[in-house]
Each structure stands twice: as structure tokens, then as C-alpha cells.
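In what follows, a structure is listed as C-alpha cells, so that the remarks can point back to it.
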Amino acid sequence: MARIELRNLKKAYGQVEVVPNMNLSMDHNEFICLVGPSGCGKSTTLRMIAGLEEISGGELLFDGERMNDVQPSKRDIAMVFQNYALYPHMKVRDNLSFGLKNAKMDAAEIDKRVQQAAVMLGLDDLLDRLPKALSGGQRQRVAMGRAVVRHPSVFLFDEPLSNLDAKLRTHMRGEIKKLHKKVESTIVYVTHDQTEAMTMADRIVVLRAGVIEQMGTPQELYDEPANVFVAGFIGSPAMNLVSGVVQVNGDQTHVRLDDGFILPIPRKNGRALNDGQAVVLGLRPDDITPQRAGSDDPNIHTVNGTVVVSEPTGAETYCILNFDGQELMCKSIGREEIVEDAVIPLGFDLSHIKVFDKISEQRIY
Amino acid sequence: MLTIKAQKRLGGFIRHSWLMLSVFAILFPFLWIALSGFKREIDIAMSRISFAPVWSNYEELLFSKSSTYLTNFLNSVIVSFSATVLCVGIATLAAHSLRRHKWPIFAVSAILIFSMIFNMTPAMTLVGAWHSLFVKVGINNTLFALILVNVVLLLPMALWLMMTFMRDVPEELEEAAAIDGCTPAEIFRKIVLPLVVPGMMATSVIVFVFSWNEFQAALTLTTKATQTVPVAIAKFAQEYEVKHGAMAAAATLSTIPAVMLMLVATRYIVSGLTNGAIK
Chain A
1012 MARIELRNLK
1022 KAYGQVEVVP
1032 NMNLSMDHNE
1042 FICLVGPSGC
1052 GKSTTLRMIA
1062 GLEEISGGEL
1072 LFDGERMNDV
1082 QPSKRDIAMV
1092 FQNYALYPHM
1102 KVRDNLSFGL
1112 KNAKMDAAEI
1122 DKRVQQAAVM
1132 LGLDDLLDRL
1142 PKALSGGQRQ
1152 RVAMGRAVVR
1162 HPSVFLFDEP
1172 LSNLDAKLRT
1182 HMRGEIKKLH
1192 KKVESTIVYV
1202 THDQTEAMTM
1212 ADRIVVLRAG
1222 VIEQMGTPQE
1232 LYDEPANVFV
1242 AGFIGSPAMN
1252 LVSGVVQVNG
1262 DQTHVRLDDG
1272 FILPIPRKNG
1282 RALNDGQAVV
1292 LGLRPDDITP
1302 QRAGSDDPNI
1312 HTVNGTVVVS
1322 EPTGAETYCI
1332 LNFDGQELMC
1342 KSIGREEIVE
1352 DAVIPLGFDL
1362 SHIKVFDKIS
1372 EQRIY
Chain B
769 MLTIKAQKRL
779 GGFIRHSWLM
789 LSVFAILFPF
799 LWIALSGFKR
809 EIDIAMSRIS
819 FAPVWSNYEE
829 LLFSKSSTYL
839 TNFLNSVIVS
849 FSATVLCVGI
859 ATLAAHSLRR
869 HKWPIFAVSA
879 ILIFSMIFNM
889 TPAMTLVGAW
899 HSLFVKVGIN
909 NTLFALILVN
919 VVLLLPMALW
929 LMMTFMRDVP
939 EELEEAAAID
949 GCTPAEIFRK
959 IVLPLVVPGM
969 MATSVIVFVF
979 SWNEFQAALT
989 LTTKATQTVP
999 VAIAKFAQEY
1009 EVKHGAMAAA
1019 ATLSTIPAVM
1029 LMLVATRYIV
1039 SGLTNGAIK
């Protein structure tokens, strides 16, 4: 286990600052996900933690000890690469034991650890195969096994599931979570897939252009996004983000969306809004459902919409509906068929509406 | 209008015909020379296809007291083998350094472009300077000097070839090895080297063949004791007599090392050794 601290960490390539100034601390045994779009600096940050990338400024601390100039092999870390990086000329057994042999570990102990890892990851029948004779999922597990056998304080994962198909990815997510429970190490996991981050992380760090936009638990990020970027990035399908103008009329506050559709904003939230203020409204598809239409709940606002596109997924259906020219993604729970071009009533849960300032893109509340 | 099946068959016929023609174009001159080694001078002069084979050319070449062919052959083996080992060794290390170490891009480009320009420079323009140099340092007319010349001449080509093979080794493997506790030297020895062996073997075959056939520098920088096979073959053509039969026999024998090396090397030149490393 290790506590990792990034203090004013900086990475620049010449004049280009990829990570301008990052401050972040990760606790012992914590599972941290760094998420963000391509080029946001998440892999660079991970590689700085691994020691594969030189640190341009600031400090990297493991349990209070400065690591900036420590060799990767001396940091007590293990890393799983996006492309697995298995040694192609070595059998699975040798791939797993390579690091331990370099550490001059006792042969019996190496054998024991390799066997343990092989059993844990279901690799016991594959130990004498070369990587080229393995499937993608098996290679991925060997890559994880190579990290596991070292019993490191810190696991670093660099988009390890991005080359797997959707089904295998879901399976491996579970495997990695199980692994975390067993090994009790700090895990830093880089992904651009917010679903992976949401399902696995204790805490998520959302990055954009090398800057931390927000960090928190998956639920915090989902419920309380700090800005438009985080709101749009977290959640699948993505939050509906539509711009509009605030209209205050006595006690009533509304937002008139650009296409003319008007939504009331609950009074308790309406206080901070000024008449004429340009805002971006955030509505999750989960909060616009036909099942809640006509509810007595004062926070539920019912409006009729025309179904433009219907995407049934089995137990629920995602659909795009048109409300007075404004198209919004909605979610219908249950197996009820949603027919395209039908006009149906939808219940908007106004208590979950997020309002962002259009210029600063920061959440107003 | 041809059917798709007929079009495919026609395409296959054209491709195979072209292949056969290419093989014939390559093998015919060699077969002609090889057969000439078993002909009497009169048969060669008459360009006879039907002839009674004789061993006299080979006997003269290998067993006559006046022949130095075996010495020339040994010289060629020593020079080509040493030059190949040195050349491929240096090129592999250089390619790894240029590829992996954080050289400024202009430095890498400058080295590669310079080596290409050097490769295009005719060896004859350099031979005079080399001769003076070797005389000064006292290694003129030695095999060592010839080995150095071959290394210098063939290193640019070897470097370019090894750069392409080095490019196929994923960088992540070296990073993974660094995390697994390898020093830079161990990364090279345990990870990179095993993966570029096919490339090194392919480069070795090419460098060996070029070195074996090197003529211009060898002609100028050697004497009878140190001359190599190409020079020896050329000397069968004297002012008043051209020994075509002996020349053909010598040329045929001279292909043996390259063919043997090719047979050994192909065992190592297996494609896709890095399969399974990534993705």
C-alpha cells in the first residue's frame, strides 16, 4: 500500500505544457480513475507516476518520499499497458516471472507467486504458451498477472480494456475490482471510458487539457457535476445540455431554451438566477421519463413530446423526443414499446435539473 | 466477357508466368556460369549447350601449385565474416540508440542522411585516401585494413536496415522491462536483441554478400597474399589469355558461403516474432 501525492506536478514538452500544475493525493488502497478525452494528460500523468516520463516540475511523493528521480523499478509499482506489452519471445510463465527473476528472488518463491497469480487469473493452463497463441482476453490477464506477482504497493493501469470487445470488457471490469479487493494496493487507472471509471473507482478525477476539472466519488460526479464539461462527460447516455435564457416573473423562474421550449425551475433553485441570464441547462435522460408523467410530485413537470428515435435495450428504452422543436434524450423504464412519431407525455424531474452559467460553464447550482 | 472464375484463372496464369520468367532471368546466368565450369575452353568459346563435362577447371583451381584460390577464398571468408559481424553489431547498437534514446530529431536525420550520401559515394573516390592512411599507420596490405574498409562501406546500409527492424519492437516492451527491474543494458540484451535477431540475420546475409563481392577497394588495397575471391576471379583474365573455365569454376565455388549463410539465416528469419506483444 502507498499514499501517492502529486504536488504542483508539471509536464512540458518544450513550450507545450501537457500537465500545467496538478495537485492530487491518493490514499492507501484507494482505486482512483483518471478520466478525460484523448490528449487530456491522463496517460502522461500515469507515466510520470510510473517513472516512464520525466517530471518537468513539482513533486511526486510515495508515502511522503520524493520519487521524481527514482528509477521505475525502485518505485514498487506494477503497470498494465494499454497494449499489454507482453514479451513475445517468452512463454506466459516467463512473462509472469520476469520481474521476480530480475529482483533475484528465490526460485521457490517465484514459482509459488506465479502459480498463485495463474490460479487467480485462470491462467494455469496457459503457462507454457507464447503470447501469440493467446486470445485478447487471455493476453490481458497475463498482463495483469505480470503486475500481480510482484505484490506492488501501487498498480498502474493505462487503458487496459480498450482493446477488448464490449462483453469481455464488462467481464474484466469485474475481474479488476476483484483483484483490487484481494491485493489491497493503491490503484491508479487511466481510461477515457466513463463507464469503466464509474463502475470501478472509489474516486474519479476528470481531466481536461491537463487540468483537473473535478474529482469525487462516481455518485458525486454524476449528481453534482462542477461544470458543463464534467456534466457532459460523466453519464451514459450523456446529459442533455441545452442553452437558454432565464425568465424571472415574480416568484416564477423559467428557462426558455433556444428552440422556444420553456421549462420551470424550482423556486429554491431559482433564487440565484437573474432575469435574462444566459445559461446551459443540464437534464439527465434518467430524469425525463414517461413513467413519471402526471405525477402529483410538485417537482415533476409533465410535457408532451413527439418520439423522433426509439432505441430499445431490453429492460429500458432510450429515445429522442421533440418538445416544441427542442430534441432531448429521455429514458423509458420497462419493456413498454415506444413507437416512433407517437406523441407521449414525459415527466421532467425538475429537482435534478442542473444549471450552468453559459459563459464560465461553471454550475450555478 | 470473362466470368469471375475465368478472370481469376487468367490472373493466376499471368502472375505465375511472370514469376517463372523472373526466376529464369535470375537463374539462367548462374546456371550458364556453373555449367561453364565443367566445360573445356573450346566448348565455352563455341557456346556449346551439349558438352562432355570435365573436372579440369576445378582441379586447376583447387589443386594446382600455381593457384592461390584457396588462400583467396580463406581471405574472403575472414574479411566478409569479420566485416559482417562488426557491421551488424555496430548497426544494431546504433539503430537502438537512434531509435530509443532521446536524440534531437535533426541529429537522427543528419546521421541517416549523411550515411545515405556516404553510401552513394563511389568507393573508388575513397580508395586513394585509404591507401595513404593505411600506409601511414602500417596496416596496408593487411586483411584488417580490408575489414575496416568493408565495415565503413557497408555500415550505412546496415544501419538503415536495422533501423527498420528496430522500429518493429514496441516501445512499451522496453518500458515494461524497465518497470520489471531491467537496466538499459539488460533491456537491450533480454528484450530488444532477441526480437531483432531475424532482422540481424537478414542484414547479415545482405552485408555478407556485399562484402564478399566487394571488388574496387580489394583490388587496390591488397597484394597476392591478401587478395580476395573477386580480385582472384578477375585475374583469370590476363592480357593474352582469359581462362573462362577456371573463372566460371571460381565464380561457382564463391557462391557457396553466401548460399550456406542464407540457409542458416532463413531458420532465424521467421516473420511475426513480435506477434502477441501488443494487442
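Sequences listed follow chains A and B, in order. So the first sequence is residues 1012 to 1376, counted in this note's numbering. So the second sequence is residues 769 to 1047, counted in this note's numbering. Heads up, the beta-carbon is just placed ideally off N, CA and C, and yes, glycines get one too. Note that the structure is predicted; figures quoted are calculated from it, not measured.
Would residue i pass as an interface residue toward chain A - the criterion being a Cβ-Cβ separation below 8 angstroms?
i                        : result
aspartate 936 of chain B : no
glycine 967 of chain B   : no
alanine 946 of chain B   : yes
leucine 941 of chain B   : yes
alanine 1033 of chain B  : no
Using beta carbons (cut-off 8 angstroms, strictly below), is residue i in contact with chain B?
i                             : result
histidine 1191 of chain A     : no
glycine 1052 of chain A       : no
phenylalanine 1003 of chain A : Nothing in the structure corresponds to residue 1003 of chain A, since chain A is present only between 1012 and 1376.
proline 1083 of chain A       : yes
histidine 952 of chain A      : Outside the displayed span of chain A (1012 to 1376) sits residue 952 of chain A, for which this structure offers no information.
leucine 1063 of chain A       : yes
tyrosine 1024 of chain A      : no
phenylalanine 1240 of chain A : no
isoleucine 1088 of chain A    : yes
alanine 1118 of chain A       : no
asparagine 1032 of chain A    : no
alanine 1212 of chain A       : no
alanine 1114 of chain A       : yes
alanine 1096 of chain A       : yes
phenylalanine 1092 of chain A : yes
On the criterion of 16 or more Cβ atoms from any shown chain inside 10 Å, does residue i qualify as buried, or is it exposed?
i                             : result
phenylalanine 1166 of chain A : buried
tyrosine 1024 of chain A      : exposed
threonine 1324 of chain A     : exposed
aspartate 1286 of chain A     : exposed
glutamate 1076 of chain A     : exposed
phenylalanine 874 of chain B  : exposed
threonine 1056 of chain A     : buried
proline 872 of chain B        : exposed
phenylalanine 1004 of chain B : buried
phenylalanine 1168 of chain A : buried
glutamate 1207 of chain A     : buried
arginine 777 of chain B       : exposed
asparagine 918 of chain B     : buried
proline 1356 of chain A       : exposed
tryptophan 893 of chain B     : First, the residue type needs correcting, since residue 893 of chain B is threonine and not tryptophan in the sequence shown. Classification for threonine 893 of chain B: exposed.
phenylalanine 1073 of chain A : buried
serine 1048 of chain B        : What is shown of chain B runs 769 to 1047, which leaves residue 1048 of chain B out entirely.
serine 883 of chain B         : buried
lysine 807 of chain B         : buried
tyrosine 1200 of chain A      : buried
histidine 1182 of chain A     : exposed
Could you pull out every residue in the same chain whose Cβ sits closer than 8 angstroms to the Cβ of residue i, ignoring the five residues on either side in sequence?
i                        : result
leucine 1268 of chain A  : Val1253, Ser1254, Gly1255, Leu1274, Leu1292 and Gln1337
arginine 1150 of chain A : Tyr1095, Leu1097 and Pro1142
valine 1217 of chain A   : Val1046, Gly1047, Ile1223, Glu1224, Gln1225, Met1226, Leu1232, Phe1240, Val1241, Phe1244 and Ile1245
Taking 7 angstroms as the cut-off, is the beta-carbon of residue i closer than that to any non-hydrogen atom of the ligand ADP?
i                       : result
leucine 1190 of chain A : Judged by which ligands are present, the structure shown has none, so any question about the ligand ADP falls away.
Closer than 7 angstroms by C-beta to residue i: which residues in its own chain qualify, once you throw out the five before and the five after it? Chain order, please.
i                         : result
proline 1163 of chain A   : Asp1087, Ile1088, Ala1089 and Ser1196
valine 965 of chain B     : Tyr1036
aspartate 1038 of chain A : Arg1014
In whole angstroms, what separates the C-alpha of residue i from that of residue j?
i                          : j                         : result
arginine 1184 of chain A   : leucine 1172 of chain A   : 8 angstroms
glycine 1148 of chain A    : leucine 1179 of chain A   : 7 angstroms
isoleucine 1198 of chain A : glutamate 1170 of chain A : 13 angstroms
proline 1025 of chain B    : alanine 913 of chain B    : 22 angstroms
glycine 1358 of chain A    : valine 1130 of chain A    : 50 angstroms
glycine 1047 of chain A    : alanine 1242 of chain A   : 12 angstroms
glycine 1040 of chain B    : leucine 787 of chain B    : Note on glycine 1040 of chain B: pLDDT 46, under 50, position unreliable in the model; the coordinate value appears next. So the alpha carbons of these two residues sit roughly 25 angstroms apart.
alanine 793 of chain B     : arginine 783 of chain B   : 15 angstroms
leucine 854 of chain B     : threonine 951 of chain B  : 24 angstroms
Suppose the cutoff is 6 angstroms on Cβ atoms and the five residues either side in sequence are ignored; what does the same chain contact list for residue i look like?
i                          : result
aspartate 1213 of chain A  : Glu1041 and Phe1042
isoleucine 1331 of chain A : Val1319, Val1320, Glu1338 and Met1340
| said: Between the segment 1079-1096 of chain A and the segment 1059-1070 of chain A, can you find at least three pairs of beta-carbon atoms closer than 8 angstroms? | reply: yes
| query | Between the segment 946-962 of chain B and chain D, which residues of the former have CB atoms less than 9 angstroms from a CB of the latter, in chain order? | reply | The structure shown has no chain D; the protein chains it does contain are A and B.
| field | Cβ contact (3+ pairs, closer than 8 angstroms) linking the segment 839-849 of chain B and the segment 951-959 of chain B | value | no
| said: Does the contact criterion of 3 or more C-beta pairs under 8 angstroms hold for the segment 799-813 of chain B versus the segment 1012-1027 of chain B? | reply: yes
| Are three or more beta carbon pairs between the segment 892-909 of chain B and the segment 973-992 of chain B nearer than 8 angstroms? | yes
| message | Contact between the segment 968-977 of chain B and the segment 850-864 of chain B is defined here as three or more beta-carbon pairs at a separation below 8 angstroms; is this criterion met? | response | yes
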